Each structure stands twice: as C-alpha cells, then as structure tokens.
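J.: This is the structure I have questions about; it appears just below.
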Amino acid sequence: MYSLASKLYVHKDYADFPDAPARVERIESAMGQEAENFGDLDIPDLIEERGWQDRRSRRFSAFDTTPDQDVVLMLSHFGEHPNLAKLTEKLGKDKPVTGLMRQLLGLRNMNLFSSGVEDFHKPRKDHVCRPQWQLFTMEGCSHQCAYCSLGGVIAAKVNMDYYCDHLGKLIENNPWQQVFLTNSNSDTPILEPEIGHIRALLDLVKRYDNRHFVVHTKSANVDHLLEHTDHDQRAIMLWTIATPSAARIYEPGAPSTEERFAAARKCYRTGYPVRIKFKPIIPMKDWREEATLMARLALDGMKPEVINLLTLTWMDVTTLRNAFNPEDLDPEAMEAADTAKDDMTDDHLRPFPHAFRATVYDHFITEIRKIDPDVPITFSTESLDMWKQFGERLGYDARDYICGCGPQSTPGCRRLEGNPWKVIAPMSWDGHAIEPGGPGRSA
Numbered sequence: 261m262y263s264l265a266s267k268l269y270v271h272k273d274y275a276d277f278p279d280a281p282a283r284v285e286r287i288e289s290a291m292g293q294e295a296e297n298f299g300d301l302d303i304p305d306l307i308e309e310r311g312w313q314d315r316r317s318r319r320f321s322a323f324d325t326t327p328d329q330d331v332v333l334m335l336s337h338f339g340e341h342p343n344l345a346k347l348t349e350k351l352g353k354d355k356p357v358t359g360l361m362r363q364l365l366g367l368r369n370m371n372l373f374s375s376g377v378e379d380f381h382k383p384r385k386d387h388v389c390r391p392q393w394q395l396f397t398m399e400g401c402s403h404q405c406a407y408c409s410l411g412g413v414i415a416a417k418v419n420m421d422y423y424c425d426h427l428g429k430l431i432e433n434n435p436w437q438q439v440f441l442t443n444s445n446s447d448t449p450i451l452e453p454e455i456g457h458i459r460a461l462l463d464l465v466k467r468y469d470n471r472h473f474v475v476h477t478k479s480a481n482v483d484h485l486l487e488h489t490d491h492d493q494r495a496i497m498l499w500t501i502a503t504p505s506a507a508r509i510y511e512p513g514a515p516s517t518e519e520r521f522a523a524a525r526k527c528y529r530t531g532y533p534v535r536i537k538f539k540p541i542i543p544m545k546d547w548r549e550e551a552t553l554m555a556r557l558a559l560d561g562m563k564p565e566v567i568n569l570l571t572l573t574w575m576d577v578t579t580l581r582n583a584f585n586p587e588d589l590d591p592e593a594m595e596a597a598d599t600a601k602d603d604m605t606d607d608h609l610r611p612f613p614h615a616f617r618a619t620v621y622d623h624f625i626t627e628i629r630k631i632d633p634d635v636p637i638t639f640s641t642e643s644l645d646m647w648k649q650f651g652e653r654l655g656y657d658a659r660d661y662i663c664g665c666g667p668q669s670t671p672g673c674r675r676l677e678g679n680p681w682k683v684i685a686p687m688s689w690d691g692h693a694i695e696p697g698g699p700g701r702s703a
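The sequence shown finishes on residue 703 if you use this note's numbering, and the numbering steps up by one all the way, no holes.
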C-alpha cells in the first residue's frame, strides 16, 4: 500500500466480524501505528477535529500544501442502523446525518447511478453515461488532483465478508448488469494488498457466470495483482491518465503518466483486461504534442480494449482559475472557457465549450489512429451532440459504444447489442424493484 503519514482510526466493533481483524492488523503494520478506536457517536467530533468535512468541501490546489489523508477503517452496514437515531438526537434537528457522516457509518455501500438522475431510462444530453449499480468499499483519495474534492479522509470497509454477502444478493437480483464499477470516489490500490478488497471482490464475482468488476485507478501499485493468476479476467483494470505535464503539476500525489502506463502493461501481460481513459485531458500549453506521446504510450506493448476520451470538466471558470494556473494552460482554452461561461452555467461539461472540446478530440483521435487503425476509441461522459458529431468517425453511437466502466461492457466486447437504457431493471439487494424517481437507489 501507499506510504501514508497520517492518523489511523478503526471502528471499535471491528472484532465482531471474523475477517476484519486481519485487515486491521495488516494496515496497522503497513502504517507503523496502532489504530485509534472510535464509535458511531464519535464521528461528528472526529469530522470537526480533523477537518475532514472542510477538506472534502474544497478542491485540491496545486498551490496548497496538503497533508496526507487520515485513514478510517470502518464497518459496512445494511438496513436500519442501530445508532442512527442516537446520532440524529446528538446532532439536533438542524444537522441531518448526510454525506460524509453516512459514509463513515457504513451506510453508503452501493448506489444506482444514472446520468439521467431521476429517469434511468434515458441519458442526460450533456452527460451520456449508462445506468448501473456502483459499488463503494472505499471513499476518499490521496492523489491530490486539482480538479477533485475527495481529500481529508480515506474510509475503507474492513468487514468485507459481510459486504460481499449483500453484494452477492445484488448481483443475483440484477442479471442485466454484468460489470460493476467499484470505488469511483476513491482509488482501491492505495490500500492494497493490505485491505484485501480486490481479492474479496474477485472471489465473489467468480461465483457467478459472466460477472466482473472494474478497478478504476490512477495507481502504479499493481505488483500484488500479478499474483492473482486465477483472476479469470473478472477484474477489469481501468486507468485514468492525464498528459505528463498535467499529471506532474496537477495530480501531485499520483504516479506519473509513464508509471501508470507501465503498470497497465504489467497487468496486460498477466492477462487482465486493460482499458485506458485519457481523462481528464487538461489543455496544457503543449497538449497537442503530448497527445502524440499519449497515443504512443497507450499502444506501446499492449492493445487496450478501449481508449475513452474526456476533457477537463466538472467546474466553472472561476474554479478553473482557482485550481489551475492559467499560465500553464493553452490560451485558446482559457479564451474559449471565458467566452462560453454564461452559456454553460448549468452544463455538466463546463468550462470548455463544445467547439473547443471537439478540437481536442479530433487531434487525439488522429494521433491514436496514426498508430492503430482499429483500437476502439469512445467518449467518457460526453454529450449527445458530441456523439452525433463523431459517431461515424468512431464507428459507434451513444447507445452501442464500449465504455471503460459500462455495466454491459464485458471483457472482449466490441459493441453493445441492447440499448443500455432499456435493458435496465434495477432491484435492491433485498429484492425491491426500483422505479425512476423512486426510493431505494442507495444502500
């Protein structure tokens, strides 16, 4: 696991679960400290004392010195939480138990994600992403990316047998979903192999026909994965990789671009399905030259199942200027963002307008195709309009493209056969059908 110079906490009841003590002992040994115990009613005080909420509420900045994230070894909980009422009473009616507090209580385990928000039977026009159950065994990250607000604390579950018992029921109740994205709000290899989440998930999905999970990562900590020679392609390795200059300055806690590609090659040689996201493409001054390098690195010694593209999004122009040094960025990108800011107030893909993003994609696609004429290239969470513009060139549309983390994008799949917004029939782990806009989307 990563070397983290931070405080370590563990839920006081962890020994109630047979598999938890070994995980706790491995993390304590790796971090060189004994974990401090906490109980459910201590969570609000810890959040306040350690500043976790404040650090979660703001993005990282390349101009800040950010300390390592604290690590909290917590317990997954399904159903009615025995201490939720007591905690609600302690906080008072004006402070509901939400967000980070619910995570630390173990109440965020799986979530039905849909870019259409309320209606999972159609995509959002500015955010094409397939509806699916996403899994959360960890939350929080130490990579300190300038566009991210997941700092302060890494919360990881240690009662994975209990978690997997419930996940197995979710898998059985949702035969329409073959691939499960894990820890989109974290980076699982940060605490591996000591935390043992990947091994636990691998053992679970192998009990089922054609079920897989995605390790969504920026990490180069993969040597432990090479020992899982029984992976049977059930763990899909998906890297998000920025260009070298962007990674060096604006992802200071993450491995370099070259280190991530090297890690991907290791997994590729060991037979793991490997997928690559050029995400986010931060338009640095030399992004055009770096696109050529990215294409070469992605296709040097391996052939990813797909290369997904997405420019930097998720923020308005003010946030862009606060999190990034405009002098590092392409002047054309800054001008485009400034000009479009009033038109993109509610656009998921802000700050860069469609025309500039299309220019970036055109160049990246051209550079990739110079090396490989048929590796699948698709977009990640782009707009319907972008799909209409590039669909013929890419050979896909918004319905049938292969996604790095899509719920039907199984290893070796080159094109979806069914409409992912029509085949969905979500049921909770405990067997309740979920309707658009209805309850039960999170457990």
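Even glycine gets a Cβ: it sits at the ideal position worked out from N, Cα and C. As the structure is a prediction and not an experimental result, all values here were calculated from the model.
Identify every run of the alpha helix (DSSP H) within the segment 404 to 476, keeping only runs that are complete inside it and at least 4 residues long; order them along the chain.
T.: 420 to 433 and 457 to 465
J.: Who are the Cβ neighbours of LEU570 in its own chain at under 8 Å, not counting the five residues just before and after it?
T.: LYS537, PHE538, LYS539, PRO540, ILE541, PHE639, SER640, THR641 and GLU642
J.: Taking Cβ positions, are ASP379 and LEU609 nearer each other than 7 Å?
T.: no
J.: I'd like the list of long-range same chain contacts for ALA506, defined as Cβ closer than 7 Å, with 5 residues on each side in sequence excluded.
T.: ILE542 and MET544
J.: DSSP state of LYS648, grouped into three classes?
T.: helix
J.: Nearest-angstrom Cα distance between TYR422 and GLN313?
T.: 28 Å
J.: Out of ILE414, VAL418 and GLU565, which has the shortest C-alpha to C-alpha gap to PRO271?
T.: A quick correction: the sequence has His, not Pro, at residue 271. Measuring from the Cα of HIS271, the nearest candidate turns out to be VAL418.
J.: Could you tell me which residues DSSP pairs with HIS271 in its beta bridges?
T.: Paired residue(s): PHE298.
J.: What's the gap between the Cα of ASP469 and the Cα of ARG529?
T.: Near 24 Å, if we compare the C-alpha coordinates of ARG529 and ASP469.
J.: Among residues of its own chain, excluding the 5 on either side of GLY604, which ones have a beta-carbon nearer than 6 Å to its beta-carbon?
T.: The amino acid occupying residue 604 in the given sequence is Met; Gly does not appear at that position. Excluding sequence neighbours, MET604 sits near ARG610.
J.: Around the C-beta of THR241, are 16 or more other C-beta atoms found within 10 angstroms, so that it is buried, or is it exposed?
T.: As shown, the chain starts at 261 and ends at 703. That puts residue 241 outside it, with no answer to give.
J.: Assuming GLY664 and ARG535 make a contact with CB atoms under 8 Å, what is their CB distance in whole Å?
T.: Going by Cβ atoms, the distance from GLY664 to ARG535 rounds to 4 Å, so yes, they are a contact pair.
J.: Based on the DSSP output, what are the partners of MET370 in its beta bridges?
T.: Its beta-bridge partners are LEU395.
J.: Determine the burial state of GLN394: buried for a count of at least 16 other Cβ atoms within 10 Å of its Cβ, exposed for fewer.
T.: buried
J.: Let's see if you can read the secondary structure: which residues bound the beta strand (DSSP E) around ASN582?
T.: Looking at the DSSP string, ASN582 is not in any beta strand (DSSP E); the run it does join, the alpha helix (DSSP H), is 577 to 583.
J.: Buried or exposed for ASP690, please, with buried defined as at least 16 other CB atoms from any protein chain shown within 10 angstroms of its CB.
T.: exposed
J.: Between the Cα of MET361 and those of LYS563, LYS353 and LEU347, spot the shortest distance and give me the residue it belongs to.
T.: LEU347
J.: Assuming ALA415 contacts MET334 under a Cβ cut-off of 8 Å, what Cβ separation, rounded to an integer in Å, is found between them?
T.: 5 Å
J.: Is HIS387 helix, strand or coil when you go by DSSP?
T.: strand
J.: Just the C-alpha distance for VAL475 and LEU351, rounded to the nearest angstrom, thanks.
T.: 36 Å
J.: Ignoring anything shorter than 3 residues or poking outside the segment 501 to 560, list the beta strand (DSSP E) runs there in chain order.
T.: 534 to 541
J.: Among GLU432, ALA295 and ALA460, whose alpha-carbon lies nearest the alpha-carbon of SER266?
T.: When each option's Cα is compared against that of SER266, the closest is ALA295.
J.: Which residues does DSSP list as the beta-bridge partners of GLY400?
T.: According to DSSP, which records beta bridges pairwise, GLY400 is partnered with SER446.
J.: If you draw a straight line from the alpha carbon of THR448 to that of GLY400, how long is it in whole angstroms?
T.: 10 Å
J.: Assign GLY411 to buried or exposed, taking buried as 16 or more other Cβ atoms, counted over all protein chains shown, within 10 Å of its Cβ.
T.: buried
J.: Would you grab the beta carbon distance between ILE287 and ILE450 for me? Rounded to a whole angstrom, and I think it's under 8 Å.
T.: In fact, because the Cβ distance is near 11 Å, the residues do not count as touching under 8 Å.
J.: LEU430 and MET497 look like a contact to me (Cβ under 8 Å); what is the Cβ gap, rounded to whole Å?
T.: Between MET497 and LEU430 the Cβ distance is about 22 Å, and since that is not below 8 Å, they are no contact.
J.: Could you work out which residue in CYS424, THR552, HIS491 and LEU557 is closest to GLU519 when comparing CA atoms only?
T.: LEU557
J.: For my contact list, THR517 and ALA502 are in at a C-beta cut-off of 8 Å; report their separation, rounded to the angstrom.
T.: 7 Å
J.: Kindly give me the distance between the Cβ atoms of PRO613 and ALA596, rounded to whole angstroms, as I take these residues to be in contact under 8 Å.
T.: 6 Å
J.: Can you list, in chain order, the residues of its chain whose CB lies under 6 Å from that of PRO435, leaving out five sequence neighbours each side?
T.: none
J.: ASP330 by DSSP, collapsed to three states: which one?
T.: strand
J.: So TRP681 packs on LYS382, CB below 8 Å; how close in whole Å?
T.: 6 Å
J.: Quick check on MET562: does DSSP put it in helix, strand or coil?
T.: coil
J.: When you compare only the Cα positions, how much space is there between PHE650 and VAL620?
T.: 12 Å
J.: I'd like the list of long-range same chain contacts for THR670, defined as Cβ closer than 8 Å, with 5 residues on each side in sequence excluded.
T.: GLN438, VAL439, ASN470 and HIS472
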